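Peer 1:
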Amino acid sequence: MSHCHDEAHGHAHGHGHGHGGHDHDHDHDEAPDSGLVHESLYQKIDHDNVVCLNEAEADSGKSVLKPWHEKMDDTKFVESDADEQLILRIPFTGLVKLKSISIRAEPGESAPRKMKAFANKDDLDFDNADSTAATQEWDLVEDTQGQIAEYSTRVAKFTSIRSLTLFFNENFGGDTTKITFIGLKGEFSEFKRDPIITVYELQANPADHKVPGINDILGHQID
1 MSHCHDEAHG HAHGHGHGHG GHDHDHDHDE APDSGLVHES LYQKIDHDNV
51 VCLNEAEADS GKSVLKPWHE KMDDTKFVES DADEQLILRI PFTGLVKLKS
101 ISIRAEPGES APRKMKAFAN KDDLDFDNAD STAATQEWDL VEDTQGQIAE
151 YSTRVAKFTS IRSLTLFFNE NFGGDTTKIT FIGLKGEFSE FKRDPIITVY
201 ELQANPADHK VPGINDILGH QID
């Protein structure tokens with residue numbers, strides 16, 4: 001469930017978004033981007049548990065984590081509420097080696113100017129984000145002419161991460177920050193289960209086994 005926490009900014013929700021009814025067909029641009037699509041982590045995000053702080057409209061933060069073929073769709077976006085800052089916490093369904101972060105924003109003052117990324121920092125909020133050392137930070141491109149800007153990570157610092165927190169702390173002078181797409185690229189692996197836990201679970205479910213067979217085996221004397 002996505003949450004909107006803006007109490008740290010002391011601002012109540014007083015406005016919403018008018019999402020236009022633009023229809024786009026981007027199937028034609030899939031072929032040139034096949035490499036990017038192949039490494040997309042979109043399906044590995046735990047979308048239900050994405051959290052956005054200071055979003056003006058509930059659940060709008062998770063809406064910008066779109067599949068690659070929807071990257072140019074402007075009808076879904078996140079805009080900050082009380083000021084220009086946004087925090088987005090993105091959990092994964094396994095372990096991720098993050099290679100790059102792609103951002104698309106409307107050109108102008110509302111585009112984000114700085115981005116900080118934190119690996120496995122699920123407790124960040126506006127009270128401690130500035131004082132916490134980022135895993136990596138970037139100065140973002142001011143005018144992308146509405147296109148995607150991809151920012152490479154120092155991969156060694158983003159290996160085997162369970163969650164990613166993005167902090168957009170500045171824009172180019174606007175009252176609010178607006179982002180239309182965030183794409184993550186990298187490698188994914190399933191969580192490794194502890195074999196001790198697996199054994200415990202098997203023992204804790206004797207109904208799953210044929211008890212007489214077990215008794216026969218245990219009672220058998222080996223010569």
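For reference, each letter of the sequence shown is one residue, going 1 to 223 in full-length UniProt numbering.
Note that CB positions come from ideal geometry on N, CA and C, so glycine has one too.
These numbers come from a predicted model, not from an experiment.
1) Cutting at 7 Å between CB atoms, please list the residues of its own chain near G61, excluding the five before and the five after it.
2) Rank G183, N171 and K185 by C-alpha distance to the C-alpha of L140 and give the top, closest one.
3) What did DSSP end up calling E48 once you bin it into helix, strand or coil?
4) Residues in the same chain with beta-carbon distance under 7 Å from S189, minus the five sequence neighbours each way, listed in chain order, please.
5) Which runs of the beta strand (DSSP E), 3 residues or longer, sit entirely within the segment 70–149?
6) If you check the beta carbons only, do I182 and L86 fall under 8 Å apart?
7) Compute the Euclidean distance between the alpha carbons of S100 and A111, then round it to the nearest angstrom.
8) Count the CB pairs spanning the segment 159–174 and the segment 111–124 that are closer than 8 Å, and state whether there are at least three.
9) Could you give the distance in angstroms between the alpha-carbon of D46 and the alpha-carbon of N120?
10) Restricting to Cα atoms, I'd like to know which of G186, S152, E106 and D175 is closest to S160.
11) Measure the alpha-carbon distance for L184 versus E150 and round it to whole angstroms.
12) Can you look up K62 in the DSSP assignment and give me helix, strand or coil?
13) What does F191 pair with, by DSSP beta-bridge criteria?
14) Express the C-alpha separation of G174 and Q43 in angstroms, rounding to a whole number.
15) Go through its chain and collect everything with a Cβ distance to K97's Cβ below 6 Å, but skip five positions before and after it.
16) Within the continuous beta strand (DSSP E) that includes T165, where are the two ends?
17) Taking the alpha carbon of S152 as the point to measure from, which residue in R162, T135 and Q145 has its own alpha carbon closest?
Peer 2: Walking through what the data contain:
1) Excluding positions up to five away in sequence, the list reads S2, V50, C52, E55, V78 and L88.
2) Of the listed residues, the one whose Cα sits closest to L140 is N171.
3) Sequence inspection shows Asp at residue 48; the Glu mentioned does not correspond to that position. Under the three-state reduction of DSSP output, D48 falls in the helix class.
4) Same-chain partners within the cutoff: G94 and L95.
5) Those beta strand (DSSP E) runs which fall completely within the segment 70–149 and span 3+ residues are 86–104, 112–119 and 136–139.
6) Taking C-beta atoms as the reference points, I182 and L86 fail to come closer than 8 Å.
7) Looking at the two C-alpha atoms, the distance is approximately 19 Å.
8) Yes: at least three Cβ pairs fall under 8 Å.
9) Each residue's Cα considered, the two are about 14 Å apart.
10) Looking at the Cα atoms, G186 is the closest of the given residues.
11) Between L184 and E150, the C-alpha separation is close to 9 Å.
12) Helix, per DSSP.
13) According to DSSP, F191 bridges with nothing at all.
14) Spanning the alpha carbons of Q43 and G174 requires a straight line of approximately 32 Å.
15) Close CB contacts of K97 within its chain, under the 6 Å cut and outside five residues either way in sequence, are with T159, G186 and E187 (chain order).
16) Its beta strand (DSSP E) spans residues I161 to N171.
17) Looking from the CA of S152, the closest CA among R162, T135 and Q145 belongs to T135.
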